[in-house]
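Participant: Got a structure for you, questions after.
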Amino acid sequence: MVATALKTQTTIDRVKIFDANPDILYAFADTEISVTVTVVNAAIPSLSSFLPRKLGSPKTSPPSSRKLP
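Here it is, written out as structure tokens:
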């Protein structure tokens, strides 16, 4: 609901969240809003099921080589 409101009622096109709550991640799935997730290193392996399958494909740079805005 909040993700949809951000998309339809604001000009926000990116957010940064500090929790890897699956419900929050899925809420942004079809909004075209870029989401940056900050988590502790120990949580990274458990997030692998939420990463887009296209990550690392020729159209998407690997995370280590992405340029920040």
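So for the sequence shown, my numbering puts the first residue at 1393; every next one is plus one.
Backbone N, C-alpha and C fix where the C-beta goes; we use that ideal spot for every residue, glycine too.
Quick caveat: nothing in here was measured; it's all calculated off a predicted structure.
#1: For F1420, count the other beta carbons within 10 Å of its own beta carbon; 16 or more makes it buried, fewer makes it exposed. Which is it?
#2: Enumerate in chain order the residues of its own chain whose CB-to-CB distance from A1435 is below 8 Å, with the five nearest sequence positions on each side excluded.
#3: Out of curiosity, what's the CA-to-CA distance linking F1410 and T1428?
#4: What residue range is occupied by the uninterrupted beta strand (DSSP E) comprising V1429?
#5: Name the DSSP beta bridge partners of V1407, please?
Facilitator: Let me lay it out:
#1: The residue labelled residue 1420 in the question sits at position 28 within the sequence shown. Classification of F1420: buried, given that the 10 Å Cβ count is 16 or more.
#2: Locating residue 1435 in the sequence shown gives position 43, counting from the first residue. Contacts found: A1412.
#3: Against the sequence shown, residue 1410 aligns to sequence position 18. Against the sequence shown, residue 1428 aligns to sequence position 36. Computed Cα separation, rounded: 8 Å.
#4: By one-based count along the sequence shown, residue 1429 stands at place 37. Where V1429 is concerned, the enclosing beta strand (DSSP E) stretches over 1426-1429.
#5: Residue numbering aside, residue 1407 sits at position 15 when the sequence shown is read from its first letter. V1427, per the DSSP bridge assignment.
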